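Below is one structure, written out as structure tokens; comments come after it.
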Amino acid sequence: MFDALSDRHEHKKVLPDLEKAENGVVMRFAPNPSGPLHIGHARAAALNDAYVKQYGGRYILRIEDTDPKRVDPDAYGMVAGDLKWLGLGITETVTQSDRLSLYYDLCRQLIEKGGAYVCTCNNERFRELKQAGTACPCRGQTVAKNLGLWQKMLDHTFREGEASVRIKTDLSNPDPAMRDFPAFRILDLPPHPKVKAHVYPLMNFSVVADDHLLGVTHVIRGKDHIANTRRQRYIYDHFGWKVPVYRHYGRMGIEGVVLSTSQMRLGINGGTYTGWDDIRLGTLRALARRGISPEAVKNAMLAIGIGDTDISFSWDNLYAENRKIVDPVANRYFFVSDPLRVRIEGAARHTAHAMLHPGDAARGTRTLEFEGTVLIPKSEISEGVAMLRLKDLFNVRVAWDNGTPSFTFSGDSLADARAARARIIQWLPAQDSVPCTLLSPEGEMTGACEPLVRKELNNVVQFERVGFARIDAANASGIRAYFTHK
RNA sequence: GCUGCUAUAGUGUAGACCGGCCAAUCAUGCGAGCCUCUCACGCUCGCGACAGGGGUUCGAAUCCCCUUAGCAGCACCA
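Residue numbers (the numbering used here): 1386 to 1871.
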């Protein structure tokens, strides 16, 4: 506990100051459980998390499941799992579907205060009146009448579409979207997966209720919520509650991956994608599968910050963050794509000792036995190449006869290879390699890698001169790896 | 259309509230070199931006206006 308090000054300030945060903050991350979390969610989650760590305080995870149409029962677990992976300092979790009676109660209070009314107009009718800035007939009802109608909503005398609760705002507000917006509605179907209910609060009401009840002091969210913030202020004013500090960051464009939950679901059901962690998707689980570390995601999001300008997300920057984390830990191995089987004449048996990590000799080496024939990447052999060095082994002279190369041993000296400006390439003993497929969102490379890679299941390794990759599967038929980045 | 918000290098970001210390920061990217038995890491050097136009001022990236561009909202979604 004391550690948590003293902790707050140890964090380097990476984000701009928040006003009124000196004595600690209470913040929240409030996803809708409609699918797994993606990079867009990570921004809100990481930013709020960083501020809580910077100032100290509570970090609430609030599951906003008040629209049964947009709730996927599986998503509760997926969201929890994704958040655990991200490694946030969540201090408590609440689920809105558990709290309906709280909202009902506050609604009654608001009606009693004259801040809300039950509207039985049909939609089109109300919209016309709203556009015109005129009050609908229901607006002038007495408190007693409204309370009666509210009761009829709750006991299901009214059916879906027949009544709703509206917040009294300012009908002369220049923005029609602000005028008497709805706070509760009736939904006969579908049933909510977690509670039996037919009266649901709309987001603006439940959010205000919970932000107040939970003591939220600062809200950081996308600028798509600016209008909601203005609407919510009316509710705060009716109740006389203190309004949190708001920050709205700009839109973040993300290219190259699918982010829309409905599109992802469609693709998964249709067999286009293998699952929520298909590497062509922008979900956190897809990033994880590709070998992106949660720290890299968080760091990239903090670097982006809370600016209110629209930005485009840079994969390069994320990869750079990830490389900082992964490079010191990833063991090195050879992966030979599109292998060419090559006999090397005149070479005695050799044993190569290649370092598992060039910066950490203590990790040891892997040994590769040369017995005469090796696998080398086809792309390294083109007419004109006269000499190569098989890394950590020896030099090879390449002779060309009518476009056909032949290979002969050409000495052990690294200095010779350097002097001849020979390329130092990765290779594998032909008698001791494992088939390996390296997949990236752009396509796949087939080839082979060192047998030791089997032991790196779920780890990120570096295939020398190719790039980092996460070992996703290893079985009798070979290894499947996902390309992370160079 | 209406109501708002925003514009700094390829990308992200600092500076803007409190004009001069900004011929503009840092990261990433790109280029050159060094190091290195990887095209990784590390190191050195370099490239590259205040959207445009007016105004206020001794002085503007910073304040004001206009233009242009982008974005958000205008749902009984969150």
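C-beta: ideal position from N, C-alpha, C; glycine also. Note that the coordinates shown come from a computational prediction; the quantities given were computed from them, not determined experimentally.
For residue i, the residue or residues it bridges with in DSSP
i, result
"I1664", "Paired residue(s): none; I1664 is not in a bridge."
"S1791", "A1784"
"M1740", "T1750"
"F1853", "Q1847, H1870"
"Y1444", "M1412"
"N1720", "This sequence places Phe at residue 1720; Asn is not what is there. For F1720, which the question treats as bridged, DSSP gives the partners C1834."
"A1460", "Answer is none; A1460 lacks a bridge partner."
"R1606", "H1633"
"V1503", "V1550"
"M1930", "Nothing can be reported for residue 1930, as the shown portion of the chain is limited to 1386 through 1871."
"S1697", "G1638"
"Y1585", "R1570"
"N1702", "BP columns for N1702 are empty, so no partner."
"A1859", "I1864"
"V1759", "V1727, P1814"
"G1828", "S1825"
"P1820", "A1833"
"R1808", "L1773"
"H1735", "F1755"
"A1423", "Inspection of the sequence shows that residue 1423 is occupied by His rather than by Ala. T1668, per the DSSP bridge assignment."
"V1643", "L1666"
Beta-carbon separation (whole angstroms), residue i vs residue j, contact threshold 8 angstroms
i, j, result
"T1476", "I1448", "That belief does not hold up - the Cβ atoms of T1476 and I1448 are roughly 15 angstroms apart, past 8 angstroms."
"L1572", "E1545", "6 angstroms"
"R1728", "F1755", "With 8 angstroms as the limit, R1728 and F1755 do not qualify as a contact, their Cβ atoms being about 12 angstroms apart."
"A1685", "L1703", "4 angstroms"
"V1464", "P1416", "6 angstroms"
"Y1867", "R1670", "The pair is not a contact, with the Cβ atoms about 12 angstroms apart (cut-off 8 angstroms)."
"A1802", "N1780", "5 angstroms"
"R1850", "T1869", "With a Cβ gap of about 15 angstroms, R1850 and T1869 do not count as contacting."
"H1738", "R1717", "Contact flag wrong, Cβ pair sits at about 12 angstroms."
"G1863", "P1820", "3 angstroms"
"L1598", "L1495", "The Cβ separation is near 14 angstroms, so there is no contact."
"L1468", "A1430", "7 angstroms"
"R1616", "M1563", "6 angstroms"
"R1726", "E1765", "At roughly 14 angstroms, the Cβ-Cβ gap does not stay under 8 angstroms, so R1726 and E1765 are not in contact."
"V1628", "Y1619", "That belief does not hold up - the Cβ atoms of V1628 and Y1619 are roughly 11 angstroms apart, past 8 angstroms."
"T1344", "E1730", "With the chain covering only 1386 through 1871, there is no way to say anything about residue 1344."
"G1420", "T1646", "4 angstroms"
"S1482", "K1579", "5 angstroms"
"L1842", "A1861", "With 8 angstroms as the limit, L1842 and A1861 do not qualify as a contact, their Cβ atoms being about 14 angstroms apart."
Minimum C-alpha distance to residue i - residue among the options
i, options, result
"M1772", "L1799, T1752, A1746, G1757", "L1799"
"R1493", "D1457, G1518, W1626, L1532", "L1532"
"V1604", "P1401, A1805, F1414, D1797", "F1414"
"G1506", "R1551, D1467, R1665", "Here residue 1506 turns out to be Cys, not Gly, going by the sequence shown. That would be R1551, whose Cα lies nearest to the Cα of C1506."
"V1838", "T1478, P1826, E1829, F1853", "F1853"
"P1401", "I1689, T1614, I1496, P1679", "I1689"
"P1576", "E1765, P1453, L1471", "P1453"
"T1668", "I1639, D1490, I1696, I1691", "I1639"
"Y1489", "E1768, T1478, T1614, D1540", "D1540"
"V1846", "R1708, R1510, V1411", "R1708"
"A1529", "T1602, G1499, K1871", "G1499"
"A1746", "R1726, I1766, P1713", "P1713"
"E1706", "R1808, E1547, K1871", "K1871"
"H1583", "T1527, L1471, F1543", "F1543"
"W1661", "F1848, H1423, K1405, Y1502", "H1423"
"L1432", "A1460, G1420, L1471", "L1471"
"G1474", "A1435, V1642, A1406, V1711", "A1435"
"W1626", "V1783, S1419, E1404, L1491", "L1491"
"E1407", "V1437, A1427, F1624", "V1437"
"F1848", "T1451, T1736, M1740, E1547", "M1740"
"H1426", "K1683, A1861, F1590", "K1683"
"Y1872", "F1624, C1523, V1642, E1404", "Any property of residue 1872 remains undetermined from this structure, which presents the chain solely from 1386 to 1871."
"T1527", "A1548, E1497, G1641, A1520", "E1497"
> Using 8 angstroms as the Cβ pair cut-off and three pairs as the minimum, do the segment 1746-1766 and the segment 1703-1722 touch?
Replying inline: yes
> For the 8 angstroms Cβ check, are there 3 or more pairs between the segment 1557-1566 and the segment 1441-1453?
Replying inline: no
> Should the segment 1595-1615 be regarded as contacting the segment 1623-1634, the criterion being three or more beta carbon pairs within less than 8 angstroms?
Replying inline: yes
> Any contact of the segment 1786-1796 with the segment 1809-1820, i.e. 3+ C-beta pairs under 8 angstroms?
Replying inline: no
>> Taking 8 angstroms as the cut-off, does the segment 1737-1754 touch the segment 1820-1827 (at least 3 CB pairs, one atom from each stretch)?
In response: no
>> Below 8 angstroms, how does it come out for the segment 1535-1542 and the segment 1506-1524: are there three or more Cβ pairs, yes or no?
In response: no
> Which whole runs of the alpha helix (DSSP H) in the segment 1465-1527 are 4 residues long or more, in chain order?
Replying inline: 1485-1497, 1508-1517
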